[in-house]
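For the sequence shown, numbering that gives the first Met the number 0 assigns the number 0 to the initial residue and increments by one for each residue that follows. In what follows, a single structure is set out as structure tokens and then discussed.
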Amino acid sequence: MNQHDHPLFELLRGKVSNVPMDLIFDEKKKIDNLFNHRLVCGHHLSTTYGLPWQKVSVDEVDAFWRKLDFSHAYIILDEKIDVREEMEKVTKHVLAKPESVQKSLLKKITSVVFLFKTDKKAPKVETNTRG
0 MNQHDHPLFE LLRGKVSNVP MDLIFDEKKK IDNLFNHRLV CGHHLSTTYG
50 LPWQKVSVDE VDAFWRKLDF SHAYIILDEK IDVREEMEKV TKHVLAKPES
100 VQKSLLKKIT SVVFLFKTDK KAPKVETNTR G
């Protein structure tokens, strides 16, 4: 498999040159190598993806963010989700709408499910014909 065939490059392919993609691939290999050997040394490794990182104490966080309540949030671990049942609910909701709304909703759903397929095109670049 070519190194640029990795799903990581799906949205970049055709938009950037091979040089930055090579750099990203090399960094990914380094990170994978570090993660594979972390059990040997016992250190924990966190990835910042090149962003600056510094430990922030709770006192430094703005009061607005400290007021947020996540007690109602939960993580679905073992809960079985019936995809067919959920999709039937979505289908019934979409079919209850007028045809023009159905088309719009279908485009939105498709754009979320298939991120790499888009009807957006690159803007036309006007050429300067003077001089």
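Every residue, glycine too, gets a C-beta built ideally from N, C-alpha and C. Quantities reported herein were computed from a predicted structural model and do not represent experimental measurements.
Distance CB(residue i)-CB(residue j) smaller than 7 Å
i: Glu9; j: Phe115; result: yes
i: Val93; j: Leu104; result: yes
i: His3; j: Met20; result: yes
Residue i versus residue j - alpha carbon distance
i: Val82; j: Val89; result: 11 Å
i: Val60; j: Lys54; result: 11 Å
i: Asp68; j: Asp58; result: 17 Å
i: Phe24; j: Val15; result: 13 Å
i: Thr109; j: Arg129; result: 43 Å
i: Phe63; j: Leu76; result: 30 Å
i: Lys28; j: Leu7; result: 12 Å
i: Ser70; j: Pro122; result: 45 Å
i: Leu33; j: Lys102; result: 47 Å
i: Asn1; j: Asn17; result: 12 Å
Any chain C beta carbon closer than 7 Å to residue i
i: Arg83; result: Of the protein chains in this structure there is only one, and it is not chain C.
**Request:** Report the residue ranges of all alpha helix (DSSP H) runs contained in full by the region 77-102; include only those spanning at least 4 residues, in chain order.
**Result:** Listed in chain order, the complete alpha helix (DSSP H) runs (minimum 4 residues) inside the region 77-102 are 82-94.
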